[in-house]
Amino acid sequence: MSEAIKKEGIKAVAMKKNLSKTSRGTSIFTRAVHSGEEGVKYGDAITTPISQTSTFVFHGSEEIKAYTSGKHPRYEYGRYGNPTQTVAEKKLCDLEGAEDCLLFDSGMSAVTSTIQVFIKQGDHIIITDDVYGQTLRFCTNYLKRFGIEVTIAKTFDYKQIESAIRKNTKVIFSESPTNPYLNVIDLAQMQRLRRKFKGLMIIDSTFATPFNQRPLEWGIDLVVHSATKYLAGHNDLLAGAVLGSRELVDRIREYQRTVGSILSPLSCYLLIRGLKTFALRMQHQNQSAQRVADFLQRHKKVKRVFYPGLASHPHHEIAKAQMTGFGGVVSFWVNGDLKQVNRFLDALELIAVGPTLGGTESLLSHPATITYYRNTRKQRYQLGITDQLCRLALGVEDPDDIIAELDRALRRVDARTVVKARV
Ligand SMILES: Cc1ncc(COP(=O)(O)O)c(C=O)c1O
């Protein structure tokens, strides 16, 4: 036994050893593995443990006094935080370049809580029209009920956004890149607006992730993510995150203590595990998506491809200026009617059909029949959700296999014989 251990005890030595490890590396690949993980790990395990507990006990009245006087911050009750959650939050802070982070039990929890904290009756919020459908629904169907005025502005009409700003405008909420056409909001334009606007600017950066884009560096106040997607990355949990200054995130934390939308310790652990391979996955998914987009663009059974990495995308130049990669989602129009598109879907074997994105498995979504099935055809077409539109979220498979699968399935578009659907 070393002298230090004899004198100070195992716990103290382990703590010092970890705390002296100041170098987390400069690369996002290294930081995704190591950031946030300093500190003692039970039994010297290399991984962060799952603190599967609802509460944290005090060892006497002195400890209670130290805690309640604010001298000794510590955990108290599961709804107010958990050590596994802290590790995941610190890791995300480092990746996003944020001072603070707060996790939620879903992306929608992060979005709705973040907005609610900063508005009250009589306030006004501007939201761009190309955001995730449920975010828009929350603002139009629910916020309005509580006396909040909502303006839906055209996503890329910065003049319209600017002229919608009023004295009581507290929040401008936008998203980039957007779903399903991968439109990219110009962060330089938002930065320009930022100077004229006293309220908060919030960006949903789910599709980009901090690997490809860091909105806080462009003067955005808060970034939200559906961590369900690329951050966790394995299609096995739901989670959300908000990141920004300590002051703003603390206000949201106070709210969460009341509403209780916390992420479970197990999900926090899975998020930490997912984040360790985050940079590797993103690099691969960026590259795969570019290859698949190039391939689809040349395919005669594809009418049009939407990917910010293609020169043909209307926001290619903006994406090049503010993103380090173009993401893992490619949208395209199949050349055919709904019947023909269904033939294509039914012929897919390797690529799963369903909603969501950002996981290890490639997933193809057909928005018209999956996400927008409750809308009329007219409503869908007004939103650009045509029968031909498919959204492919690349997983971590070899892109050659995905390309072969797409080619085979696209050839079925004009086939007379029907391939049996996988039901
Ligand atoms: C851009 C975006 N934001 C937020 C959400 C909501 O996230 P969650 O499903 O984790 O609640 C989604 C879900 O698809 C999304 O695509």
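The sequence shown begins at -13 in our numbering and counts up by one. All C-beta atoms in this analysis are idealised placements derived from N, C-alpha and C, irrespective of residue type, glycine included.
From residue i to residue j, what distance separates their C-alpha atoms?
{"i": "K7", "j": "D109", "result": "Its pLDDT being 44, under 50, K7 is placed unreliably by the model, and the measurement read from it follows with that caveat. Approximately 47 Å, taken between the alpha carbons."}
{"i": "T164", "j": "A213", "result": "16 Å"}
{"i": "G414", "j": "P166", "result": "Since the first residue shown for the chain is -13 and the last is 409, residue 414 is missing from the structure and cannot be characterised."}
{"i": "A31", "j": "L202", "result": "34 Å"}
{"i": "D51", "j": "N68", "result": "According to the sequence displayed, residue 51 carries Lys and not Asp. Taking the straight line joining both Cα atoms gives about 20 Å."}
{"i": "L296", "j": "Y66", "result": "45 Å"}
{"i": "V209", "j": "E48", "result": "39 Å"}
{"i": "K364", "j": "Q374", "result": "14 Å"}
{"i": "L396", "j": "N127", "result": "39 Å"}
{"i": "I111", "j": "G119", "result": "16 Å"}
{"i": "L257", "j": "A218", "result": "5 Å"}
{"i": "Q175", "j": "D323", "result": "38 Å"}
{"i": "S348", "j": "L380", "result": "5 Å"}
{"i": "P251", "j": "V73", "result": "11 Å"}
{"i": "V320", "j": "L334", "result": "14 Å"}
{"i": "L78", "j": "T346", "result": "19 Å"}
{"i": "L331", "j": "R180", "result": "44 Å"}
{"i": "S162", "j": "P35", "result": "34 Å"}
{"i": "G22", "j": "E75", "result": "8 Å"}
{"i": "S298", "j": "I147", "result": "26 Å"}
{"i": "T362", "j": "R123", "result": "17 Å"}
{"i": "K430", "j": "S37", "result": "Past the edges of the chain, shown from -13 to 409, lies residue 430, and the structure says nothing about it."}
{"i": "C87", "j": "R178", "result": "25 Å"}
{"i": "I151", "j": "D115", "result": "15 Å"}
{"i": "A401", "j": "L369", "result": "30 Å"}
{"i": "S191", "j": "I388", "result": "26 Å"}
{"i": "K145", "j": "T54", "result": "50 Å"}
{"i": "D393", "j": "H270", "result": "21 Å"}
{"i": "S149", "j": "F44", "result": "55 Å"}
{"i": "G11", "j": "R131", "result": "49 Å"}
{"i": "K325", "j": "L81", "result": "44 Å"}
{"i": "V235", "j": "Y255", "result": "21 Å"}
{"i": "V136", "j": "K182", "result": "19 Å"}
{"i": "L266", "j": "F281", "result": "23 Å"}
{"i": "N272", "j": "T39", "result": "38 Å"}
Would a C-beta distance cut-off of 7 Å place residue i and residue j closer than the cut-off?
{"i": "R411", "j": "S351", "result": "What the structure shows of the chain is the stretch from -13 to 409, and residue 411 is not part of that stretch, so it cannot be assessed."}
{"i": "R277", "j": "P196", "result": "no"}
{"i": "P294", "j": "V170", "result": "yes"}
{"i": "K286", "j": "V19", "result": "no"}
{"i": "G93", "j": "R200", "result": "no"}
{"i": "I14", "j": "T100", "result": "no"}
{"i": "D172", "j": "L186", "result": "no"}
{"i": "K215", "j": "G25", "result": "no"}
{"i": "F159", "j": "I188", "result": "yes"}
{"i": "V97", "j": "T121", "result": "yes"}
{"i": "R232", "j": "E85", "result": "yes"}
{"i": "S247", "j": "S95", "result": "yes"}
{"i": "N221", "j": "M309", "result": "no"}
How would you write the range of the alpha helix (DSSP H) that residue i sits in, first residue to last?
{"i": "H270", "result": "264 to 284"}
{"i": "A18", "result": "14 to 20"}
{"i": "R243", "result": "232 to 245"}
{"i": "K289", "result": "No alpha helix (DSSP H) contains K289, which is instead part of the beta strand (DSSP E) from 288 to 292."}
{"i": "D446", "result": "Residue 446 is absent from the model: the chain starts at -13 and stops at 409."}
{"i": "K306", "result": "302 to 308"}
{"i": "T121", "result": "119 to 123"}
{"i": "S250", "result": "Counting along the chain, S250 falls outside any alpha helix (DSSP H), and DSSP gives it neither H nor E."}
{"i": "D386", "result": "385 to 397"}
{"i": "T98", "result": "93 to 103"}
{"i": "L186", "result": "Unbroken run through L186 is the beta strand (DSSP E), 186 to 190; no alpha helix (DSSP H)."}
{"i": "T39", "result": "Careful: T39 lies outside any alpha helix (DSSP H) and carries neither H nor E."}
{"i": "S149", "result": "144 to 150"}
{"i": "F197", "result": "195 to 198"}
{"i": "F330", "result": "324 to 333"}
{"i": "L343", "result": "That residue, L343, is in no alpha helix (DSSP H); it is neither H nor E in DSSP."}
{"i": "L173", "result": "173 to 180"}
Could you spell out the range, first to last residue, of the beta strand (DSSP E) harbouring residue i?
{"i": "E135", "result": "135 to 139"}
{"i": "V320", "result": "315 to 320"}
{"i": "E161", "result": "155 to 161"}
{"i": "S351", "result": "349 to 351"}
{"i": "F183", "result": "Where F183 is concerned, there is no enclosing beta strand (DSSP E), given that its DSSP letter is neither H nor E."}
{"i": "V209", "result": "208 to 212"}
{"i": "I112", "result": "110 to 114"}
For my contact list, residue i and residue j are in at a C-beta cut-off of 8 Å; report their separation, rounded to the angstrom.
{"i": "F104", "j": "V157", "result": "6 Å"}
{"i": "F42", "j": "R60", "result": "7 Å"}
{"i": "I356", "j": "E391", "result": "With 8 Å as the limit, I356 and E391 do not qualify as a contact, their Cβ atoms being about 19 Å apart."}
{"i": "G314", "j": "A275", "result": "5 Å"}
{"i": "Q107", "j": "G133", "result": "4 Å"}
{"i": "G226", "j": "H211", "result": "7 Å"}
{"i": "L168", "j": "F292", "result": "5 Å"}
Is residue i near ligand 2, judged by its Cβ being under 6 Å from some heavy atom?
{"i": "D323", "result": "In the structure on display, ligand 2 does not appear, and the ligands it does have are ligand 1."}
Completely contained alpha helix (DSSP H) runs for the region 44 to 81, where each covers 4 or more residues: For secondary structure counted as the alpha helix (DSSP H) over 4 or more consecutive residues, the region 44 to 81 holds these complete runs in sequence order: 47 to 54.
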